[in-house]
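First comes the structure, then the notes that go with it.
Residue numbers (our numbering): 1 to 255.
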């Protein structure tokens, strides 16, 4: 059984909300997109990505003869390939839209997606929106940020996050949907045992709330709706200057 709920808010600084999300237990799809660009282009990019991913996941659910425009990765499951292809299609849609209008030039979006089928979870990401997993008392980030700071930290194991916490380039993204014709998609798959809680969120959340903060909220608030609402409110109260989106997914194994 899946229980899920998402909350998105423009926050206390931005006039518009360029975050978009989908939460559909019917097709097992949960995703968050954080758009960027002027003239409300970020809002457009995020919605285009969500629509493209949702559309492909819905039409490929029971069609093993579906055309795979980006080929098949033999290292991934059927659902892993579905999610991978849907994100590639989203990149193409956003990139073409950005090329078609001066108002949309330079727009892009992050994406993080979770596809649940039974006890199997496929997770895909581009950019710095994240998925966290709370399971058996442990709390971990399942995704990798595509940011300048993450790249620098990965290259030098001696560096600590606080060493780049105030660098002016720390939040510059190195990989987004719509930025170029081809995009690198990070895919991760795992089998769930039951009792897991997954949090999908934009950087308006994890930029101001630590992993310990998020863990404490999820552990003390088992209801996904209440947990998502608390996370968003606490991020705003903590001074987030960005749009804030939290999508909480609780999985229980069928008995």
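For each residue, glycine too, the CB sits at the ideal point set by N, CA and C.
Cα-Cα separation between residue 106 and residue 136, rounded to whole angstroms: 42 angstroms
How many whole angstroms separate the CB atoms of residue 215 and residue 134, which I take to be in contact at a CB cut-off of 8 angstroms? 6 angstroms
DSSP beta-bridge partners for residue 130? 201
Would you check if the distance between the CB atom of residue 45 and the CB atom of residue 94 is smaller than 7 angstroms? yes
Could you check whether residue 81 and residue 183 sit closer than 7 angstroms to each other, using their CB atoms as the reference points? no
Output yes or no for whether 7 angstroms exceeds the beta carbon distance between residue 196 and residue 251. yes
Could you say which of 247, 174 and 254 lies nearest to residue 20 if we only look at CA atoms? 247
Is DSSP giving residue 234 helix, strand or coil here? helix
Residues near residue 187 by beta carbon distance below 8 angstroms, same chain, minus five either side: 73, 76, 80, 83, 84, 122, 123 and 124
Length of the line joining the Cα atoms of residue 254 and residue 57: 23 angstroms
List in chain order: all unbroken beta strand (DSSP E) runs of 3+ residues lying wholly within the segment 98 to 129. 111 to 117 and 120 to 126
Cα-Cα separation, residue 249 to residue 185: 22 angstroms
May I ask which residues mark the beginning and end of the beta strand (DSSP E) holding residue 43? First-last for residue 43: 41 to 59, but that is the alpha helix (DSSP H), not the beta strand (DSSP E).
Restricting to Cα atoms, I'd like to know which of 244, 229 and 178 is closest to residue 87. 178
Sequence-distant residues of the same chain with beta carbon closer than 7 angstroms to residue 207, five excluded per side: 240 and 242
Cβ of residue 227 within 7 angstroms of Cβ of residue 217? yes
Is the beta carbon of residue 224 closer than 7 angstroms to that of residue 5? yes
Distance CB(residue 173)-CB(residue 202) smaller than 7 angstroms: no
With a 10 Å radius around its C-beta and 16 neighbouring C-beta atoms as the bar for buried, classify residue 99 as buried or exposed. exposed
Own chain partners of residue 234 with C-beta closer than 8 angstroms, once the 5 adjacent residues on each side are dropped: 209, 213 and 217
Burial state of residue 71 (16 or more Cβ within 10 Å): exposed
Beta carbon of residue 116 nearer than 7 angstroms to that of residue 28: yes
For the ligand PLP, I want to know if residue 104 counts as a neighbour, meaning its beta carbon is within less than 6 angstroms of at least one of the ligand's heavy atoms. Ligands in the displayed structure: none, and consequently the ligand PLP is not present.
Rounding to the nearest angstrom, what Cα-Cα distance links residue 108 and residue 102 in this structure? 14 angstroms
Using the C-alpha atoms, what's the distance from residue 118 back to residue 191? 9 angstroms
Apart from the five residues just before and just after residue 41, which ones in its own chain have a Cβ nearer than 7 angstroms to its Cβ? 103, 104 and 107
As assigned by DSSP and simplified to three states, the class of residue 180: coil
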